[in-house]
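Undergrad: Residue numbers (my numbering), protein chains in the order written: chain A, 1 to 297; chain B, 298 to 560. The C-beta atom is built at its ideal place from N, Cα and C for all residues, glycine as well.
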Ligand code: SF4
Ligand SMILES: [Fe+2]
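Okay, here's the thing in structure tokens:
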């Protein structure tokens, strides 16, 4: 059975997740545009993927205003690569005036000048500015086949520039990195980060989503990887991003950051209208539940 | 009952019975009308029963923290809410020690405590909780708790002020109307600021509105450290007591709070 067939199963067979509380709002601020073309990207972002366009500062501002009224706790920025959006610094300035912000970046666009601007933004707010940088290996040899030729060196340059201005990014590593989920793998990675000048290395390890480009890299989802017939209690729902967050894109508000390639996951044009229950009929939902995938920091 | 005007709040005690005794003396000397304990009596430090005996002896009203919830329900871990494997490793050492050294009678008593409370101070309605009003182990750090989120919690709870602990670092943010949030910090562990003293908080209602005072507590931290060593507690915990810098539970810190510490 393939992914498409799975999605056509009747909705009633799947657990319905209510929006318990709108704690996080995600912005797909750079659309699906990215300077890299990673082989495991679950939404296949690339320099040419225009299925989602970039958001303007005015569009983000309108949703921020709405989010303020809804009592949102924190904001996340993703893409594609958020820093390809020319308005990213003013967007972050607006955001940090009303709450904490976290940017998921590959680190390559972080020039010394941008690092300086980010450091000023961070110092000027009572809220935390988090930067999350993805790396896929302990060295160029393991990272570059996934993230692209020469990317390891460039990522480390970006990380180093942040360290120089006193910003301490969270480094995220997917399980595409051999052995990183083990204790020894973790310690080895922490050593790599210390060597880079991060005296307080922060590491987050993420399971893989077997969709988009990743479907072709390793394997697609199997038929048994579904939540059909599964019942979720409140504790399980609390762990799911879709129970506590929504994803704002150029094309409207989606249930979560993961399912934006699925038209059925688009809920509304505004956040207020998007606060409705959602049926977990997608294979990625299986990863969220079974592997405890959490997009938030 | 006469109106309360000055109340002391004790956050996580983490078995620091010396700091608890010192804080009781300071609070009484400052003439508070009441003292509340907001949970997590055990964890981290030595001889958990000693803190409980002090609390019960002084008849201090208390609510459950995640530790009391876990210990009274026989849970396998502390439900602290950490996400990092190293943090969880140390949390487990701490929980196993505390569980093994807390009398069954006390564990049962913990289960009889409420998980939240509402009290009034002046014209303000206070909602007391351990983590957040909605979750016993939610971390409310200053740098990742937005003001609109606090306002939403106040609306949902029909309250003027949230009084919480669980994170171990004290902070407060009150609006011009005196409504907002106070995290009372922790009595059991220094605030990751390179100082050995620990903290509790006094809220006072006066003609000018609500006043928040975070009170530093000096205590015999060397004696506590020796006791911890005698009990075989991890060297990392002892270092925190001796230096004021956190050595564990670090990955849950937001960027700003993390940058303020040494590790
Ligand atoms: S992919 Fe995950 S976050 Fe998105 S709807 Fe499914 S379970 Fe929820
Ligand atoms: Fe706690």
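With a threshold of 7 angstroms (Cβ to nearest heavy atom), would residue 309 of chain B be considered close to ligand 2?
TA: Along the second chain, read from residue 1 onward, the residue named residue 309 of chain B stands at position 12. Indeed, a heavy atom of ligand 2 lies less than 7 angstroms from the Cβ.
Undergrad: Please state whether DSSP places residue 400 of chain B in a helix, a strand or coil.
TA: Reading the second chain from its first residue, position 103 is the one you call residue 400 of chain B. Here residue 400 of chain B sits in coil by DSSP.
Undergrad: Cα separation between residue 382 of chain B and residue 300 of chain B?
TA: Sequence index remark: in the second chain, residue 382 of chain B carries index 85 (1-based). Sequence index remark: in the second chain, residue 300 of chain B carries index 3 (1-based). Taking the straight line joining both Cα atoms gives about 47 angstroms.
Undergrad: Please report the residue range of the alpha helix (DSSP H) in which residue 363 of chain B lies.
TA: As a working note, residue 363 of chain B is residue 66 in the second chain. 363–370 is the extent of the alpha helix (DSSP H) around residue 363 of chain B.
Undergrad: Are the beta-carbon atoms of residue 407 of chain B and residue 440 of chain B separated by less than 8 angstroms?
TA: Locating residue 407 of chain B in the second chain gives position 110, where the first residue counts as 1. Locating residue 440 of chain B in the second chain gives position 143, where the first residue counts as 1. No, Cβ-Cβ distance for residue 407 of chain B and residue 440 of chain B is not below 8 angstroms.
Undergrad: Taking only heavy atoms of ligand 2 into account, decide whether any of them is closer than 7 angstroms to the Cβ of residue 377 of chain B.
TA: Translated into positions along the second chain, residue 377 of chain B becomes position 80. Residue 377 of chain B: yes, Cβ under 7 angstroms from ligand 2.
Undergrad: Please tell me whether residue 72 of chain A has its Cβ less than 8 angstroms away from any Cβ of chain B.
TA: By 1-based counting over the first chain, the position of residue 72 of chain A is 72. At least one chain B Cβ lies under 8 angstroms of residue 72 of chain A.
Undergrad: If you reduce the DSSP assignment to three classes, tell me which class residue 264 of chain A lands in.
TA: Within the first chain, the letter at position 264 stands for residue 264 of chain A. Residue 264 of chain A falls in the helix class under three-state DSSP.
Undergrad: By a C-beta neighbour count over all protein chains shown, 10 Å radius and 16 as the cutoff for buried, is residue 263 of chain A buried or exposed?
TA: Start at 1 with the first residue of the first chain, and residue 263 of chain A comes out as number 263. Looking at its Cβ environment, which holds fewer than 16 other Cβ atoms inside 10 Å, residue 263 of chain A is exposed.
Undergrad: Can you grab the Cα-Cα spacing for the pair residue 480 of chain B / residue 463 of chain B, in whole Å?
TA: Walking along the second chain from the start, residue 480 of chain B turns up at place 183. Walking along the second chain from the start, residue 463 of chain B turns up at place 166. So the alpha carbons of these two residues sit roughly 8 angstroms apart.
Undergrad: Tell me, to the nearest whole angstrom, how far the beta carbon of residue 337 of chain B is from that of residue 400 of chain B; I am working on the premise that it is less than 8 angstroms.
TA: In the second chain, residue 337 of chain B corresponds to position 40, counting from 1. In the second chain, residue 400 of chain B corresponds to position 103, counting from 1. Not really, about 17 angstroms apart at Cβ, beyond 8 angstroms.
Undergrad: How many whole angstroms separate the CB atoms of residue 143 of chain A and residue 137 of chain A, which I take to be in contact at a CB cut-off of 8 angstroms?
TA: Residue 143 of chain A sits at position 143 when you count from the first residue of the first chain. Residue 137 of chain A sits at position 137 when you count from the first residue of the first chain. Contact flag correct, Cβ pair sits at about 4 angstroms.
Undergrad: Using a Cβ-Cβ cut-off of 8 angstroms, state whether residue 100 of chain A counts as contacting chain B.
TA: Here residue 100 of chain A refers to the residue found at position 100 of the first chain. Yes, its Cβ sits closer than 8 angstroms to a Cβ of chain B.
Undergrad: What's the C-alpha gap between residue 272 of chain A and residue 66 of chain A?
TA: In the first chain, residue 272 of chain A corresponds to position 272, counting from 1. In the first chain, residue 66 of chain A corresponds to position 66, counting from 1. Straight-line Cα distance between these residues: approximately 8 angstroms.
Undergrad: Ends of the beta strand (DSSP E) at residue 14 of chain A?
TA: Taking the first chain and counting its residues from 1, the one referred to as residue 14 of chain A is at position 14. Neither: residue 14 of chain A is in no beta strand (DSSP E) and is coded neither H nor E.
Undergrad: Excluding the five sequence neighbours on either side, which residues of its own chain have a C-beta within less than 6 angstroms of the C-beta of residue 551 of chain B, listed in chain order?
TA: Within the second chain, the letter at position 254 stands for residue 551 of chain B. So the qualifying residues of the chain are 438, 440, 441.
Undergrad: Just verifying my parser: in three-state terms, what is the DSSP assignment at residue 483 of chain B?
TA: Within the second chain, residue 483 of chain B is the residue found at index 186, counting from 1. Residue state, collapsed to three classes: strand.
Undergrad: Hey, could you find the ends of the alpha helix (DSSP H) residue 116 of chain A is sitting in?
TA: For the purposes of this step, residue 116 of chain A is taken as residue 116 along the first chain, with counting starting at 1. 112–123 is the span of the alpha helix (DSSP H), which, as asked, contains residue 116 of chain A.
Undergrad: With respect to the beta strand (DSSP E) encompassing residue 244 of chain A, which residues constitute its N-terminal and C-terminal limits?
TA: Position 244 of the first chain, counting from 1, holds the residue named residue 244 of chain A. Residue 244 of chain A -> no beta strand (DSSP E), and no H or E assigned at all.
Undergrad: Using the Cα positions of residue 9 of chain A and residue 417 of chain B, report the straight-line distance between them to the nearest angstrom.
TA: For the purposes of this step, residue 9 of chain A is taken as the residue at position 9 of the first chain. For the purposes of this step, residue 417 of chain B is taken as the residue at position 120 of the second chain. Its pLDDT being 47, under 50, residue 9 of chain A is placed unreliably by the model, and the measurement read from it follows with that caveat. Near 53 angstroms, if we compare the C-alpha coordinates of residue 417 of chain B and residue 9 of chain A.
Undergrad: At a cut-off of 7 angstroms, would you count residue 362 of chain B as near ligand 2, judging by its Cβ distance to the nearest heavy atom?
TA: Taking the second chain and counting its residues from 1, the one referred to as residue 362 of chain B is at position 65. Correct: residue 362 of chain B has its Cβ closer than 7 angstroms to ligand 2.
Undergrad: Considering only their Cβ atoms, is the gap separating residue 267 of chain A from residue 282 of chain A smaller than 8 angstroms?
TA: In the first chain, counting from the first residue as 1, residue 282 of chain A sits at position 282. In the first chain, counting from the first residue as 1, residue 267 of chain A sits at position 267. Against a cut-off of 8 angstroms, the Cβ pair of residue 267 of chain A and residue 282 of chain A comes out as no contact.
Undergrad: Does any C-beta atom of chain A lie closer than 8 angstroms to the C-beta of residue 424 of chain B?
TA: Position 127 of the second chain, counting from 1, holds the residue named residue 424 of chain B. Cβ-Cβ to chain A under 8 angstroms: no for residue 424 of chain B.
Undergrad: Counting along the chain, where does the beta strand (DSSP E) carrying residue 497 of chain B start and finish?
TA: Looking up residue 497 of chain B in the second chain gives position 200. Unbroken beta strand (DSSP E) run through residue 497 of chain B: 495–503.
Undergrad: Relative to the alpha-carbon of residue 395 of chain B, which residue among B/508, B/312, B/492 has its alpha-carbon at the smallest distance?
TA: Here residue 395 of chain B is taken as the residue at index 98 of the second chain, counted from 1. When each option's Cα is compared against that of residue 395 of chain B, the closest is B/312.
Undergrad: Rounded to a whole number of angstroms, what is the C-alpha to C-alpha distance between residue 451 of chain B and residue 498 of chain B?
TA: Translated into positions along the second chain, residue 451 of chain B becomes position 154. Translated into positions along the second chain, residue 498 of chain B becomes position 201. Computed Cα separation, rounded: 20 angstroms.
Undergrad: So with CB distances below 8 angstroms, who are the chain A contacts of residue 560 of chain B?
TA: On the second chain, position 263 is the one that residue 560 of chain B refers to. Within chain A, the residues near residue 560 of chain B are 200.
Undergrad: Counting only beta-carbon atoms, is residue 120 of chain A nearer than 8 angstroms to chain C?
TA: Although the question refers to chain C, the structure presented lacks it and instead comprises the protein chains A and B.
Undergrad: Does DSSP put residue 285 of chain A in a helix, a strand or coil?
TA: Sequence index remark: in the first chain, residue 285 of chain A carries index 285 (1-based). If DSSP states are grouped into helix, strand and coil, residue 285 of chain A belongs with the helices.
Undergrad: Would you mind telling me which residues of chain B sit closer than 7 angstroms to residue 129 of chain A, beta carbon to beta carbon, in chain order?
TA: Start at 1 with the first residue of the first chain, and residue 129 of chain A comes out as number 129. By Cβ distance, chain B contributes 552.
Undergrad: Between A/116, A/70, A/121, which has its C-alpha nearest residue 25 of chain A's C-alpha?
TA: As a working mapping, residue 25 of chain A is identified with position 25 in the first chain. Nearest C-alpha to residue 25 of chain A: A/70.
Undergrad: Would a check of beta-carbon distances place residue 476 of chain B closer than 8 angstroms to chain A?
TA: The residue given as residue 476 of chain B occupies position 179 in the second chain. So, not an interface residue.
Undergrad: Can you tell me where the alpha helix (DSSP H) holding residue 519 of chain B begins and where it ends?
TA: Position 222 of the second chain, counted from the start, is the residue given in the question as residue 519 of chain B. Residues 518–527.
Undergrad: What are the partner residues of residue 46 of chain A, as DSSP defines its beta bridges?
TA: Counted from its first residue, the first chain places residue 46 of chain A at position 46. Residue 46 of chain A pairs with A/33.
Undergrad: So the candidates are A/193, A/31, A/222; which of them puts its Cα closest to the Cα of residue 287 of chain A?
TA: The residue given as residue 287 of chain A occupies position 287 in the first chain. Among A/193, A/31, A/222, the Cα nearest to that of residue 287 of chain A is on A/222.
Undergrad: Any Cβ of chain B within less than 8 angstroms of the Cβ of residue 68 of chain A?
TA: Taking the first residue of the first chain as 1, we reach residue 68 of chain A at position 68. Yes, its Cβ sits closer than 8 angstroms to a Cβ of chain B.
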